[in-house]
């Protein structure tokens, strides 16, 4: 690893430690989720009904760590911050590893 | 703009899976030909960067949140086909592990953020940069590339949402999937990405390009007009 690459990885690590800002600041400003990404209960409140097809498919996938949160909705802010950082590190590890393997394989026959 | 499961009907998500698969196949061909070993660590870092950047939700006070994606700068630094690969992997992991974006919508989300966005960014950057090597012109080109590519990606997502009530209604005439028409979805998505989310994407693109040009200028795909090593 070159010195420059080491520096970039350190930058990414710092970024990972700062990710909780991405949940704390929106909370402070009372901003909720993204447009078009409402869960069905919220959508039901907005619309007064839940579209049939949407209801059928909305929850068919159970992600192991929904919402980058290990501890569920009711978790304390501290736990949410910790699991957000942990999710960030896990996500970085998994994504970087997969992309590394794929691109390493594709570049194999190159220069 | 991570479209969840249930918001797009099969008439939309199946074709978009097809489109994304097509782009992945081309990306594989291109990268097999062009990718050099020295870029491999940077691809891994690009994916890491995009994943983390997307965790920084930006609030609209009392309203929604959104975030930058990073696909714009990845396309400029490492090339648009590289960005297709790196950002697609990020989006797929987000959906599978974290429930961010639907499984049925992986094709759509990858098309919007990992195909449309990198290419729009790359083209805008090249167009605005022209033959210039001046720092200011490059900075403006980078900002606009990041900024507009996020807005265009949001527009694509908005159109996918907005056409649902037109193409899929139940027996009672009610929408089956995403309920809001184009006239609601497009302004909602485009405006919030014009301000503030796109600004963050533009600034990130500009600052990172400047950083790379200073420290590792040979690496930057979009400013080397030499075809070698790519």
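Protein chains in written order, with the working numbering: chain A, 34 to 144; chain B, 244 to 473. Think of the CB as a built atom: it goes at the ideal place given N, C-alpha and C, for glycine as much as any other residue. Note that the coordinates shown come from a computational prediction; the quantities given were computed from them, not determined experimentally.
When beta bridges are read from the DSSP output, residue 418 of chain B appears opposite B:412. Contact annotation, residue 53 of chain A with residue 118 of chain A: C-beta distance approximately 6 Å; criterion of less than 8 Å satisfied.
Beta-bridge pairing by DSSP links residue 301 of chain B to B:309. Of the residues B:465, B:274, B:247, the one whose Cα lies closest to the Cα of residue 349 of chain B is B:247. For residue 138 of chain A, not one C-beta of chain B is nearer than 7 Å to its own C-beta. Contact between residue 360 of chain B and residue 315 of chain B holds: their C-beta atoms lie close to 6 Å from each other, under 8 Å. Close to chain A, meaning a Cβ-Cβ distance shorter than 9 Å, are the following residues of the region 322–349 of chain B: 325, 328, 329, 332, 333, 335, 336, 337, 338, 339, 340, 341, 342, 343, 344, 345, 346, 347. Here the region 322–336 of chain B lies against the region 276–290 of chain B, with 3 or more beta-carbon pairs under 8 Å apart.
The residue from B:442, B:370, B:431, B:430 with its alpha-carbon nearest to that of residue 311 of chain B is B:442.
It is roughly 10 Å from the alpha-carbon of residue 278 of chain B to the alpha-carbon of residue 138 of chain A. Straight-line spacing of the CA atoms in residue 256 of chain B and residue 459 of chain B works out to 40 Å. Residues of the region 298–311 of chain B with a C-beta atom less than 9 Å from some C-beta of chain A are 298, 299, 300, 301, 302, 303, 304, 305, 306, 307, 308, 309, 310, listed in chain order. For residue 355 of chain B, there is no enclosing alpha helix (DSSP H), as DSSP gives it neither H nor E. Bounds of the alpha helix (DSSP H) holding residue 267 of chain B are 253–277. Scanning A:60, A:79, A:80, A:84 for the CA closest to the CA of residue 299 of chain B turns up A:60.
Contact between the region 264–273 of chain B and the region 96–110 of chain A is absent: fewer than three C-beta pairs spanning the two stretches fall below 8 Å.
At least one beta carbon of chain B lies nearer than 7 Å to the beta carbon of residue 52 of chain A. Look at residue 125 of chain A: its C-beta is under 7 Å from a C-beta on chain B.
Counting only residues of its own chain and dropping the five nearest sequence neighbours on each side, residue 254 of chain B has a CB closer than 7 Å to the CB of 410, 411. When Cβ-Cβ separations below 7 Å define contact, residue 403 of chain B makes no contact with chain A. For residue 74 of chain A, the uninterrupted alpha helix (DSSP H) segment begins and ends at 73–80. Per DSSP, the continuous alpha helix (DSSP H) segment holding residue 330 of chain B begins and ends at 323–341. In this structure, DSSP gives residue 63 of chain A a state outside helix and strand, which the three-state scheme calls coil.
The beta-carbon of residue 286 of chain B is placed less than 7 Å from the nearest beta-carbon of chain A.
Note on geometry: alpha-carbon atoms of residue 103 of chain A and residue 116 of chain A lie some 6 Å from one another. Within chain A, no C-beta atom comes less than 7 Å from the C-beta of residue 445 of chain B; the nearest is roughly 18 Å away. When the alpha-carbon of residue 321 of chain B is set against those of B:354, B:341, B:274, the nearest one is in B:274.
Judged by DSSP secondary structure, residue 284 of chain B falls within the alpha helix (DSSP H) whose first and last residues are 283–296.
In chain order, 393, 394, 397 place their CB closer than 6 Å to the CB of residue 436 of chain B, counting only its own chain and leaving out the 5 sequence neighbours on each side. Within the region 269–293 of chain B, those residues whose Cβ lies closer than 9 Å to any Cβ of chain A are, in chain order, 271, 274, 275, 276, 277, 278, 279, 280, 281, 282, 283, 284, 285, 286, 287, 288, 289, 290, 291, 292, 293. DSSP, reduced to helix, strand and coil, places residue 34 of chain A outside both helices and strands of the structure shown, so it counts as coil. Around residue 307 of chain B, the same chain offers 435 as residues with beta carbons nearer than 7 Å, after the five sequence neighbours per side are excluded. With distances taken between CA atoms, residue 74 of chain A lies nearest to A:88 out of A:67, A:62, A:63, A:88.
Straight through space, the alpha carbons of residue 313 of chain B and residue 342 of chain B are spaced by roughly 20 Å.
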